[in-house]
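Per our numbering: the sequence shown = residues 747 to 1153. Here's the structure, in structure tokens; my notes come after.
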Amino acid sequence: MDKKISLTGFSSVSVHGGHEQDPMYSHLTPIYAASTFVYDDAEQGMRRFSGKEEGYIYTRWGNPTFTEAENKIAALESFGIPDENGNPLQLKALLHASGMAAITTLMLMNLKSGDKVLSHYSLYGGSEELLTKLLPALGITAIITDLRDLNKAEEAFRNDPAIKMLYIETPANPTIQCVDIEELTQLAKKYNAIVACDNSFATPYLQQPFRYGVDFTVHSTTKFLNGHGTAIGGVLIGKDIEFMKSKAFVTLKTLGGNANPFDAFLLVNGMKTLELRMERHCHNAMDVAHFLENHPAVAGVNYTGLVSHPDYKVALKQMRHPGAMLSFELKKGLPGGVEFMNKLKMCTRTVSLGTCDTLLSHPASMTHYSVPKDAREKYGITDGLIRMSVGIENVQDIIADVDQALE
Ligand SMILES: Cc1ncc(COP(=O)(O)O)c(C=O)c1O
């Protein structure tokens, strides 16, 4: 009897999507802590290696616990999206050891010496380093511009036929700037470029880049998808299934950036509560942003949910809610930032984002301490800037802690 029914809700897919009944009838797919898989006989080994028979071979190539995480993410990224024939969009995901490993596979499987990548100037630091410091050694270079300005994007494409990929991250780390996925994808397609989008800050619950025709998405699953800060991980998702099964798979298994079964298990279970967590994260973030906006010690609040934010309209167009990330500027600058961080009692002083607890960082005294003031200010990292990943605690407690630290 076919027990599968078509699931109509996002949370139903987060809970059940990608799950296959375990052969030993374990309720949850176990942590398949095995480096290698066995064959009944030599002929079966031959069939597996030649691809004539599906089955696991070696965990760098795939593992049942990875498969559940991959199929769940693919189901969430494609949830409710039709393909060009009106059928449900099919996607293939490949789990990686980290977000950076997934981004590296994306670049190396698509680009060759002489190719160029067009990207926005606000990007996660690791992605920017990959584009501007490591890939140039292989002859792959980046053109970095302000992709919020479509004219600049079009000018770049017109002037440089070597641009083979548009790489966007929206909302972007650390500025929380948003770029228009739909308009940029249409433009890139006019110039036959591949489009890839880092969807880590939004997650598929808030934003689905495949709705706008992108070719790939990547995630640092370390963040909201895992949701509990328990594992580093990454995923690359593509809609050309054959390409994902061939070139992408070969790139991943040859570079060796595979995930591990324990982290995949944590990710599977984290993703089950994605909708619940994101709803709470986002509602809390909106309340915190309004509180900060009216606080006398705060010079400004950077949250895409506030009408005052320059990317408010783009965020509203492509995101269900404006997200859980915000930053704010303290009037007292560097000493004010240090004092504020030291006074926090419940909220956590740390970098990273996307966990259940509220995380705050002061880039000028932490991540960007060694970067000269004028260099960091070019990226909007001013002395009094505080970055906040708003958690799922009861919002009155978050606000009370921030309020007492601002006194
Ligand atoms: C937007 C974004 N993409 C990618 C990464 C890299 O992910 P990972 O640390 O899992 O390698 C990060 C990490 O902070 C990030 O914020």
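Ideal placement from N, C-alpha and C gives every residue a C-beta, glycine not left out. Treat the numbers as computed from the prediction; the structure is a model and nothing was measured.
Under the three-pair Cβ rule at 8 Å, the segment 945 to 953 counts as touching the segment 915 to 934. Collapsing the DSSP output to three states places L1038 in a helix. Contact between N817 and G763 holds, since their C-beta atoms are separated by about 7 Å, short of 8 Å. In the DSSP annotation of this structure, the continuous segment of the alpha helix (DSSP H) that includes M855 starts and ends at G845 to N856. In this structure, ligand 1 has no non-hydrogen atom nearer than 7 Å to the beta-carbon of M911.
Counted as a single uninterrupted DSSP element, the beta strand (DSSP E) harbouring K910 occupies residues I909 to E915.
Restricting attention to beta strand (DSSP E) runs no shorter than 3 residues, the segment 977 to 1011 encloses them at 980 to 984, ordered along the chain. Closer than 7 Å to some heavy atom of ligand 1: that describes the Cβ of N919.
Put simply, of A1043, V1136 and D787 the residue whose alpha carbon is nearest the alpha carbon of M1092 is V1136. Annotation for N1048: I922, H1055, L1072, S1073 and F1074 place their beta carbon closer than 7 Å to its own, counting only its chain and skipping 5 residues before and after. Contact between S865 and L884 does not hold, since the beta-carbon distance rounds to 16 Å and is not under 8 Å. Closer than 7 Å to some heavy atom of ligand 1: that does not describe the Cβ of F1074. In the DSSP assignment, N1048 falls within the beta strand (DSSP E) that extends over V1044 to N1048. Burial check for I886: the Cβ neighbour count within 10 Å reaches 16 or more, so the residue is buried. DSSP places F1074 in the strand class (E or B) of the three-state scheme. Around the beta carbon of L880, fewer than 16 other beta carbons sit within 10 angstroms, so the residue counts as exposed.
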